[in-house]
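>
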């Protein structure tokens with residue numbers, strides 16, 4: 001190679017040395033268009049002549065040196081690997097415990113006991129609505145109920161001794177039961193004036209301020225969110241209906257957070273949507289640090305296929321013949337100088353993942369497969385393996 005470079009430099013110097021007094025810079029400085037074009041034509045002719053001579057020299061070198069005919073390649077050894085294939089989808093985070101709380105009673109919101117960002121437990125009192133005197137009515141009704149209970153118990157003792165009439169006993173019993181039912185109904189009404197947390201979570205927003213008049217089904221009081229029960233629901237093409245089932249591993253990536261978590265399929269739908277030929281899949285998301293929020297965009301990689309004993313090769317080394325068969329080149333009969341023979345091998349492939357593909361047949365474990373140079377060699381051509 002150094003010899004060729006020396007020849008090239010010599011020829012270039014010779015071509016440029018026709019006029020020692022006028023270099024290329026000198027000719028350009030003259031601003032003479034005719035002279036400049038003449039010099040350019042001379043250099044173009046010299047360059048073409050040099051290129052032709054270089055090709056002739058290289059051809060002769062190859063003819064005289066056998067080593068010049070052997071292409072240099074790199075190889076790797078086929079080995080048993082575990083191949084895991086994933087279906088890549090998108091979805092958004094949701095939670096089953098994200099609720100806006102409405103009042104069940106009309107009145108003035110007299111007390112608000114919580115603030116935004118506060119963690120609350122299930123059943124904890126969040127606010128109190130003025131009951132408009134229901135508590136006093138309930139107290140009076142309980143006193144009347146206590147009296148009716150005493151009357152009923154006395155009438156019951158007399159009736160057990162065959163004293164008095166049956167109708168008096170039945171009236172006392174009926175009056176007591178009616179009073180009890182009235183107390184229960186009023187207690188339910190009073191209970192509606194107390195707003196309680198339906199589940200444990202965080203108060204995300206206090207929507208209505210203390211002192212406002214609220215009405216059932218109209219006034220939003222609080223938004224409560226539980227970030228410990230997060231999930232992602234996504235649509236999966238119907239061709240995976242037998243592969244993606246409950247318990248399959250899922251890798252969930254949150255690009256905004258720069259975070260990836262391992263999860264599992266919690267639920268796989270049994271209904272194929274006729275509009276888009278997909279079924280629903282629900283993936284439970286662990287969220288101990290509460291960094292994952294509802295409606296956050298996520299990328300899902302759901303495991304639909306795993307082969308624990310297969311051979312993986314780069315897709316870039318595979319070629320295809322006129323019959324549509326895929327083939328690669330392997331190295332056979334390699335000697336101590338790392339020289340061998342390239343052999344074409346027809347293969348059958350399976351699923352792909354990224355830059356690799358699964359080989360189902362055609363290659364055995366331990367076979368030396370050509371990687372770099374795989375598309376430039378020919379069948380039965382001598383090759384030399386180099387290490388990088």
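Numbering (full-length UniProt numbering), first residue to last: 1 to 388. Even glycine gets a Cβ: it sits at the ideal position worked out from N, Cα and C.
(1) Going by Cα to Cα distance, which pick from 215, 139 and 227 is closest to residue 187?
(2) According to the Cβ coordinates, are residue 86 and residue 303 closer than 7 angstroms?
(3) DSSP three-state label for residue 99, please.
(4) CB-CB under 6 angstroms to residue 301, same chain, minus the five flanking residues each way: which ones, in chain order?
(5) Report yes if the C-beta distance between residue 190 and residue 126 is below 7 angstroms; otherwise report no.
(6) Just verifying my parser: in three-state terms, what is the DSSP assignment at residue 56?
(7) Jot down the residue ranges of each uninterrupted beta strand (DSSP E) in the region 135-215, minimum 3 residues, whole runs only, in chain order.
(8) Quick one: complete beta strand (DSSP E) runs, 3+ long, within the region 342-377?
(9) Would you tell me roughly how many angstroms separate the C-alpha atoms of residue 156 and residue 148, rounded to the nearest one?
(10) DSSP three-state call for residue 127: helix, strand or coil?
(11) For residue 109 and residue 212, which I take to be in contact (beta-carbon distance under 8 angstroms), what is that distance rounded to the nearest angstrom?
(12) Would residue 265 and residue 71 qualify as a contact pair, given that the criterion is a beta-carbon distance under 7 angstroms?
(13) Could you give the DSSP three-state label for residue 89: helix, strand or coil?
(14) Should residue 143 be labelled buried (16 or more other beta-carbon atoms within 10 Å of its own) or exposed?
(15) Less than 7 angstroms between the C-beta atoms of residue 261 and residue 103, yes or no?
(16) If you follow the alpha helix (DSSP H) that residue 315 is in, where does it begin and where does it stop?
(17) Please report how far the alpha carbon of residue 233 lies from the alpha carbon of residue 322, in whole angstroms.
(18) Tell me whether the beta-carbon of residue 203 lies closer than 7 angstroms to the beta-carbon of residue 97.
(19) Going by other Cβ atoms of all chains shown within 10 Å of its Cβ, with 16 needed for buried, is residue 226 buried or exposed?
(20) What does the Cβ neighbour count give for residue 166, buried or exposed, with the cut at 16 atoms within 10 Å?
(21) Between residue 182 and the rest of its own chain, which residues show a CB-CB distance below 7 angstroms, the 5 nearest in sequence each way excluded?
(22) What does DSSP give as the partner residue(s) for residue 108 in the beta ladder?
(23) Short check: CB of residue 360 to CB of residue 348, under 7 angstroms?
(24) By Cβ distance, which residues of its chain are closer than 8 angstroms to residue 326, with the 5 residues on each side in sequence left out?
(25) Cβ of residue 292 within 7 angstroms of Cβ of residue 93?
(26) CA-CA distance, residue 47 and residue 371?
(27) Exposed or buried, which one is residue 28 when buried takes at least 16 other CB atoms within 10 Å?
(28) How many Å lie between residue 220 and residue 132 at the Cα?
(29) Do you know offhand how far residue 52's Cα is from residue 39's?
(30) Going straight from the alpha carbon of residue 281 to that of residue 112, what length do you get?
(31) What's the gap between the Cα of residue 354 and the Cα of residue 305?
(32) Of all the options 369, 329, 311 and 164, which has the alpha carbon lying nearest to the alpha carbon of residue 84?
This is what the structure holds:
(1) The closest CA to that of residue 187, considering only 215, 139 and 227, is found on 139.
(2) yes
(3) strand
(4) Around residue 301, the same chain offers 86, 88 and 251 as residues with beta carbons nearer than 6 angstroms, after the five sequence neighbours per side are excluded.
(5) no
(6) helix
(7) The region 135-215 contains these whole beta strand (DSSP E) runs: 194-196 and 201-206.
(8) 356-361 and 368-370
(9) 12 angstroms
(10) strand
(11) 5 angstroms
(12) no
(13) strand
(14) So residue 143 ends up on the exposed side.
(15) no
(16) Looking at the DSSP string, residue 315 is not in any alpha helix (DSSP H), and its letter there is neither H nor E.
(17) 44 angstroms
(18) no
(19) buried
(20) exposed
(21) Answer for residue 182: 141, listed in chain order.
(22) 213.
(23) yes
(24) 318, 319, 320, 346, 347, 348 and 349
(25) yes
(26) Cα to Cα, the separation comes out at about 36 angstroms.
(27) exposed
(28) A straight-line Cα-Cα distance of about 21 angstroms links residue 220 and residue 132.
(29) 20 angstroms
(30) 40 angstroms
(31) Cα to Cα, the separation comes out at about 14 angstroms.
(32) 311
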